[in-house]
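Here is the structure we will look at.
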Amino acid sequence: MPYVSLRDALDDLHRQNQLLVIEDEVDPKLEAAEIHRRIYQKKGPAILFANLKGSGFKGCSNLYGTNERCEYLFRDALKGLELLIKIKSDPMDFFRRPLSYIQQTPYFTSGLPRQKKHSEILDRQCRMEDLPAIVGWPGDGGPFITLPQVISFPPGSNAVKDANIGMYRIQMSGNEYLINEEAGLHYQLHRGIGIHHRLYNDSDEPFRVTIAVGGPPSHALAAIFPLPEGLSEILFTGLLGNRAYRYSWHEQFFIPSDVDFCITGTVEKNKLKPEGPFGDHLGYYSLKHDFPVMNIHRIYHKKDAIWHFTVVGRPPQEDSGFGYLIHQMVREIGRQEFPGIREIHAVDVSGVHPLLLAIGSERYMPFRDKKPEEILTQAMHLLGKGQTSLAKYVLITTNDDNPSLSTHRIPEFLQYILERIDWSHDLHFMTETTMDTLDYSGSSWNAGSKLIISCHREKLRNLDENISIDLLNIPGIRKQFVFLPGILLLEFKPFADYKQEQIDIEILCKLLESVSMQNLPLVILVDDLNFCKLSLDNFLWAVFTRSNPAKDIYGVHSFTDYKHWGCKGPLVIDARIKPHHAPVLEIDPEVSRKVDKLFMKNSALRKFI
């Protein structure tokens, strides 16, 4: 049966022994987040905080904390969505198996939006200060709404097909925000609400926005789903939940009927205030920047409403479950959106956008020697459309020599590329371009570079799995270690400034010219070799979040041929922390000790120590 509310979903999880209820008083400032992180790391159940300090509302987190629980919550929708996506990518599939589609007719019609005359949520109101003030990290600028459904319409339209639903964090208080009167809206690049904002700037209409929290699990997932152009997000929410999206209009604001909380307000068209910092999903703080301000009109809530939140940080975190579900649902449509692409993987542990792996296909000139041609077109397509356009490093190859090659077996994928790569031809930089808002590795906020590494060649080398040469006599090198076949980690002196480091690394590359390293084609400079070699997750996170391709890549025997840069020896990536990088997220020790005591005292929590 479809879930009609967040509480309905939690009751179901409780029957499945997948809900942990914490009756002890928990401080929403840092403590709830620390409890959440510990339960998530142990692949524990969803959490219901029954007694959040300073608020009369209960809170829920970790709902999407495991892939298995995500599949369970959306078990009724997955098959219908699979057919819906399949017929979009291959309309003839209907004629090959019409019975499958006919059997799903009730599902397709059940998701149609349904307008109500009155929503019961309008019967109760509160203020912003009454809500659970969740603070995830010590350096956060205040409490944030972390699972908001931000709903906006273009000027002159109340049609549900025109609605944009997005998930953009909301700062509830702190900085210069007027308590109970204002909230901060953090728009990121490639988000539809920004388009609406621009339209309202050219209009006389007030820019009305609704922020919903809670509701059936489908509401939050739909807000983050990368839908194809033209597919209504409100309709999609209904399809995800296998139940009509119910709504009404009140005082010219859109009111979702099934959510737990509904905040209405008006975005000031030309007013900005400092928003942040915020511990974000790259594992660093998103720093304080000016963002739009919403003047709060009213805050509605249903009876016994539950505050739905998550905690983000260095991945994997609970929002990784969203990524898993999205991947399960869009595999078919991805092949239609990106012709020739067989598989893509935005690597979650690298922070998602910093690293995109892809397997493409070469069909241009099958009678010639192998070299990257069509896969370059496919890589450009990835960087020119939707969420994949935020990728910083794109590694793309074909699987001609290994049909079972997968982007999800990362060590094997990297080895396949490094055995075949030609650094003198296969590097393609995009400089002075826009970057993901949360990535501070670039030259300035929202600005940096991208790199396509394209590989379609015969095998060129057998990769070394160790190094017999001692490089510690080279100035700046402190430790050396072959992490994966062909990948040499060098712990290098701390980064000073780009002017000095360019000199020092070019000296390093010059000295490496005399070293036999043809089977170690990739060299990574790091601050802490022991940290990076501890796990693949650590390696991928450090390397790809701490490097800006155009400024942090060097090469042995490097050259510039007209506008093309390459190298004939190993490629060198400087993945050290730079002075302009955002701070790494760290847990407050005092809060950690307090949570330790709670886990020891509470028998239900003790099992997660």
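Just so you know, we're using the numbering used here here: the sequence shown kicks off at 91 and counts up by one.
Just so you know, even glycine gets a beta-carbon here, dropped at the ideal spot from N, CA and C.
In this structure, GLY305 sits near LEU96, with a CB-CB distance shorter than 9 Å.
By alpha-carbon distance to GLU295, the top candidate from PRO245, ALA273 and THR327 is PRO245. Distance from the CA atom of GLY146 to the CA atom of LYS207, rounded to whole angstroms, is 29 Å. Counting along the chain, VAL116 sits inside no beta strand (DSSP E), nor does DSSP assign it H or E at all. According to the DSSP assignment, GLU358 belongs to the beta strand (DSSP E) that extends over 351 to 365. Taking the Cα positions, VAL116 is about 10 Å away from GLY149. No residue range can be given for ALA665, since it is assigned to no alpha helix (DSSP H) and is classified by DSSP as neither H nor E. For THR523, DSSP records a beta bridge to GLY538. Three or more Cβ pairs drawn from the stretch 117 to 129 and the stretch 670 to 684 lie within less than 8 Å of each other, which places the two stretches in contact. Assignment of ALA167 by DSSP, reduced to helix, strand and coil, places it in the helix class. Rounded to the nearest whole angstrom, the C-alpha separation of LEU624 and ILE614 is 15 Å. The alpha-carbon of HIS670 is positioned some 37 Å away from that of PHE698. Bounds of the alpha helix (DSSP H) holding LEU626 are 626 to 635. Taking a C-beta distance under 9 Å as the contact criterion, PRO228 and LYS482 do not qualify as a contact pair. Secondary structure within the stretch 203 to 265: the beta strand (DSSP E) runs of 3 or more consecutive residues, fully enclosed, are 239 to 242 and 254 to 256 (chain order). Three or more beta-carbon pairs separated by less than 8 Å link the stretch 620 to 636 to the stretch 443 to 450, which places the two stretches in contact. DSSP, reduced to helix, strand and coil, places ARG453 outside both helices and strands of the structure shown, so it counts as coil. Using a Cβ distance threshold of 9 Å, GLY476 and ASP438 do not count as a contacting pair.
Counting along the chain, MET470 sits inside the alpha helix (DSSP H) bounded by residues 464 to 472. When DSSP states are grouped into helix, strand and coil, SER693 belongs to the helix group. Distances from the CA of PRO565 to each of LEU578, GLU591, HIS546 and ILE557 were compared; the closest alpha carbon is that of GLU591. By the 16-neighbour rule on beta-carbons within 10 angstroms, ILE285 is exposed. Of all C-beta pairs linking the stretch 544 to 553 to the stretch 498 to 512, three or more are shorter than 8 Å, placing the two stretches in contact.
For GLU596, the secondary structure class from DSSP, reduced to helix, strand or coil, is helix. For the beta strand (DSSP E) assignment, the uninterrupted runs of no fewer than 3 residues enclosed by the stretch 379 to 409 are, from N- to C-terminal side, 379 to 391 and 396 to 398. Inclusion of PRO673 and TYR375 in the CB contact set at 9 Å is warranted, their separation being smaller than that value. Remark: C-beta atoms of LEU473 and MET525 do not approach each other more closely than 9 Å.
Of the candidates ILE663, SER648 and VAL662, the residue whose Cα lies closest to the Cα of GLY656 is SER648.
Looking at GLY256, PHE234, PRO238 and SER247, the one whose alpha-carbon comes closest to that of MET262 is PHE234. Counting along the chain, ASP294 sits inside no alpha helix (DSSP H), nor does DSSP assign it H or E at all. Under the three-state reduction of DSSP, GLY134 is assigned to coil, being neither helix nor strand. When only Cα atoms are considered, TYR390 and GLU271 end up about 14 Å apart. With a threshold of 16 other beta carbon atoms within 10 Å, TRP339 falls short and is exposed.
Between the stretch 580 to 595 and the stretch 603 to 622, the count of C-beta pairs closer than 8 Å reaches three or more; the two stretches touch. Per DSSP, HIS647 has no beta bridge partner at all. In its chain, beyond the 5 residues on either side, GLN239, PRO346, VAL349 and CYS352 have a beta carbon closer than 6 Å to the beta carbon of ALA302.
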